[in-house]
């Protein structure tokens with residue numbers, strides 16, 4: 004079974020600084036997606052960034068980028084120029100990309116990110 | 003706004019009762035997923051329907067059931083409620099199935115907050 008582990012329950016970063024959230028996962032599959040979701044106080048689940056396992060290039064979305072290490076099964080999220088609006092719970096997540104497999108999303112326990120003004 | 007709607011937003015009920023949560027997927031989406039977010043279990047997948055048929059089951063209790071209707075909206079029924087069922091219940095929808103299209107993103111609704119007293 005696939006698992007997703009986030010070892011940092013909480014983190015803090017100074018506004019405008021850079022922070023990296025860690026995530027490791029376990030799977031025997033070779034074809035999958037990895038995600039980072041943001042959940043602000045409103046509780047809405049917001050997709051921040053997606054990485055396809057077959058792509059070697061790390062995904063980037065504006066101030067958000069990932070460091071995808073497939074062999075090490077590591078998937079960290081870097082937030083540059085942190086803003087007060089980045090304060091939220093961040094979930095690392097996994098989903099199979101194999102045709103015929105169920106496409107449920109498996110979530111880590113989350114990392115609560117605090118932005119210090 | 004993801005285009006997925008969930009009603010009600012909040013629900014307060016007593017132990018032993020039965021409730022129904024409703025989800026309307028985005029226009030054109032055939033797959034509906036239910037997730038439960040609780041303090042002790044985190045975010046976990048409950049069940050998926052695709053075009054009216056049950057597609058995948060996760061950690062869904064026998065007291066819980068779901069269905070997807072011909073108009074593609076879905077309902078999650080929770081019965082014999084216990085204190086531990088208090089959680090945020092998310093519905094997500096997607097166009098199809100994993101591998102059937104290029105990506106098949108799941109779009110999350112705003113959730114229904116269930117409180118069992």
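Residue numbers (the numbering used here), protein chains in the order written: chain A, 4 to 120; chain B, 3 to 119.
Note that beta-carbon positions come from the ideal geometry of N, C-alpha and C, so glycine has one too.
- Within the same chain, Cβ atoms closer than 7 angstroms to the Cβ of residue 113(B) are found at 8, 90, 91 and 92, the five residues on either side in sequence being excluded.
- In the DSSP assignment, the residues bridged to residue 77(A) are 27(A) and 72(A).
- DSSP, read as helix, strand or coil, puts residue 63(B) in coil.
- For residue 41(A), the enclosing beta strand (DSSP E) starts and ends at 35–42.
- Taking 7 angstroms as the cut-off, the Cβ atoms of residue 6(B) and residue 24(B) do not count as close.
- Residues of the region 46–66 of chain B whose Cβ lies closer than 8 angstroms to any Cβ of chain A, in chain order: 46, 47, 50, 57, 58 and 60.
- Closest by C-alpha distance to residue 79(A), out of 52(A), 117(A) and 18(A), is 52(A).
- Residues are counted here when their Cβ sits less than 9 angstroms from a Cβ of chain B; for the region 86–104 of chain A these are 94, 96, 98, 99, 100, 101, 102, 103 and 104, given in chain order.
- Its Cα nearest to that of residue 49(B), the residue 105(A) stands out among 58(A), 105(A) and 117(A).
- Here residue 88(A) carries a helix assignment [DSSP, helix/strand/coil].
- The Cβ of residue 47(A) sits closer than 7 angstroms to at least one Cβ of chain B.
- The alpha carbon of residue 84(A) has as its nearest neighbour, out of 4(A), 17(A), 24(A) and 11(A), the alpha carbon of 17(A).
- Looking at the backbone, the Cα of residue 15(B) and that of residue 83(B) are separated by about 9 angstroms.
- In the three-state scheme derived from DSSP, where H, G and I count as helix and E and B as strand, residue 113(A) is classed as coil.
- Residue 113(B) carries a coil assignment under DSSP once its states are collapsed to helix, strand and coil.
- When C-beta distances to chain A are compared with 7 angstroms, the residues of the region 78–90 of chain B below that value are 90, in chain order.
- Within the same chain, Cβ atoms closer than 6 angstroms to the Cβ of residue 81(A) are found at 23 and 68, the five residues on either side in sequence being excluded.
- In the three-state DSSP reduction, residue 80(B) falls in the strand class (E or B).
- Using a Cβ-Cβ cut-off of 9 angstroms, residue 44(B) is close to 94, 110, 111, 112 and 113 of chain A, given in chain order.
- Interface annotation, residue 112(B): in contact with chain A, CB-CB separation under 7 angstroms.
- With 16 or more other CB atoms across the displayed protein chains lying within 10 angstroms of its CB, residue 35(B) is buried.
- Looking from the CA of residue 27(A), the closest CA among 100(A), 87(A) and 96(A) belongs to 96(A).
- DSSP places residue 86(B) within a helical segment (H, G or I) once states are collapsed to three.
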